[in-house]
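Novice: Take a look at the following structure, please.
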Amino acid sequence: MDDASDSLPIRPRQLIRDQVFATLAEEIVSGRRQPLEEIRDQDLQAEYGVSRTPIREALTRLAEIGLIEVSTNRFTRVAPIDLAAQADRLEMACAVVAYCAHTTIPTLTDEQVSALDARIDDILAFDLTLAGSREVRGHWYGLWGSLVIAAGNQTMIDILDGQLAVHLTRTIPTQRTPQDIADYLRHALGELRELVHRRDGDRARALIEELFHRSSIGPLRDAAAAS
């Protein structure tokens, strides 16, 4: 993605197993490796030019966070997208972001307000009927990540960055966002900008909760129920 994770803390130099993990995660999240696509150790060894051990370690981590499925002596494959689980993750992200907005917006510096303005402008530059695309999702993640970082709560940064990021930016096959929701998103971003400038953390929290539920969590719950 337009690395929205640039907004999060820079990690130390990665070990080989971490590089394999990051590469495989990116391939899954981007859709290069499709749901239910089989993953073979020997193929990865040839493709990445590394030994079996870091590959197995990376696959174990990917299974732990739900990006791959492993059935012993049967298959290792890309996990399908679980819409109900995705809605659960978005509810967690909503809680983290809304709390951070509530606590940090009243104390933002002018420089931080300008940075959030730029994040909002990045999203508004797109046709928001494409709000579910990976590129736009990356910009949303950058906006929410900026609020979490500004709050300075390392535990919440770790939750967003370590447990939720790959799922929140994963490509989900979907139709275009309905025009009424796209219009709502554009209006909500404008309102969020005003609340940030007014340093109104209370109303920003309520707006973010509504935005998550109306644009993402609710539709995912509906889609999961219908599937």
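The sequence shown maps to residues 243 to 469 in this note's numbering.
Just so you know, even glycine gets a beta-carbon here, dropped at the ideal spot from N, CA and C.
#1: What does the alpha-carbon distance come out to for the pair L402 and E289?
#2: Less than 8 Å between the C-beta atoms of L385 and I365, yes or no?
#3: In this structure, how does DSSP classify I297 when only helix, strand and coil are distinguished?
#4: Per DSSP, T318 is paired with what?
#5: Between M398 and V408, is the Cβ-Cβ spacing less than 8 Å?
#6: Per the contact definition of three or more C-beta pairs closer than 8 Å, is the region 346 to 355 in contact with the region 303 to 311?
#7: What are the partner residues of E268, as DSSP defines its beta bridges?
#8: Note the first and the last residue of the continuous alpha helix (DSSP H) segment covering L406.
#9: In the DSSP assignment, the alpha helix (DSSP H) including E433 goes from what residue to what residue?
#10: Going by DSSP, what residue range makes up the alpha helix (DSSP H) through S388?
#11: So the candidates are L427, Q396, I307 and G394; which of them puts its Cα closest to the Cα of R379?
#12: Please report the distance separating the alpha-carbon of A267 from that of V292.
#13: I need the straight-line Cα distance from D363 to G432, nearest angstrom please.
#14: Quick one: Cα of D245 to Cα of W382, how far?
#15: May I ask you to report which of helix, strand or coil DSSP gives I280?
#16: Give the C-beta separation of M334 and L406 to the nearest angstrom, bearing in mind that I take them to be a contact with Cβ-Cβ under 8 Å.
#17: Can you give the beta carbon distance from L278 to P348, rounded, assuming they're within the 8 Å contact cut?
Specialist: In short, the structure shows the following:
#1: Residue numbering aside, residue 402 sits at position 160 when the sequence shown is read from its first letter. Residue numbering aside, residue 289 sits at position 47 when the sequence shown is read from its first letter. If I take the Cα positions, the gap works out to 30 Å.
#2: Within the sequence shown, the letter at position 143 stands for residue 385. Within the sequence shown, the letter at position 123 stands for residue 365. Yes, the Cβ-Cβ distance between L385 and I365 is below 8 Å.
#3: By 1-based counting over the sequence shown, the position of residue 297 is 55. Of the three classes helix, strand and coil, the one that applies to I297 here is helix, per DSSP.
#4: Here residue 318 is taken as the residue at index 76 of the sequence shown, counted from 1. DSSP, once it has assigned bridges, lists V312 as partnering T318.
#5: Counting from one through the sequence shown, the residue named residue 398 turns up at place 156. Counting from one through the sequence shown, the residue named residue 408 turns up at place 166. No, these two residues do not count as a Cβ contact at 8 Å.
#6: no
#7: As a first step, residue 268 is located in the sequence shown; it is residue number 26 there, counting from the start. Per DSSP, none; premise fails for E268.
#8: In the sequence shown, counting from the first residue as 1, residue 406 sits at position 164. First-last for L406: undefined, no H or E at that position.
#9: Counted from its first residue, the sequence shown places residue 433 at position 191. Q421 to R440 is the span of the alpha helix (DSSP H), which, as asked, contains E433.
#10: Residue mapping note: residue 388 aligns to position 146 of the sequence shown, counting from 1. Unbroken alpha helix (DSSP H) run through S388: R376 to A393.
#11: Here residue 379 is taken as the residue at index 137 of the sequence shown, counted from 1. Taking only the C-alpha atoms, the option nearest R379 is L427.
#12: Here the question's residue 267 lines up with position 25 in the sequence shown. Here the question's residue 292 lines up with position 50 in the sequence shown. About 17 Å.
#13: Indexing the sequence shown from 1 puts residue 363 at position 121. Indexing the sequence shown from 1 puts residue 432 at position 190. When rounded, the distance between both Cα atoms is 10 Å.
#14: The residue you call residue 245 lines up with position 3 of the sequence shown. The residue you call residue 382 lines up with position 140 of the sequence shown. Per-residue confidence for D245 stands at a pLDDT of 45, beneath the threshold of 50, marking its modelled position as unreliable; the derived number appears in the next sentence. The straight-line gap from Cα to Cα measures roughly 11 Å.
#15: As a working mapping, residue 280 is identified with position 38 in the sequence shown. Looking at the sequence provided, one finds Glu at residue 280 rather than Ile. Strand, per DSSP.
#16: Within the sequence shown, numbered from 1, the residue matching residue 334 stands at position 92. Within the sequence shown, numbered from 1, the residue matching residue 406 stands at position 164. Right, their Cβ atoms sit about 7 Å apart.
#17: For this step, residue 278 is matched to residue 36 along the sequence shown. For this step, residue 348 is matched to residue 106 along the sequence shown. Between P348 and L278 the Cβ distance is about 47 Å, and since that is not below 8 Å, they are no contact.
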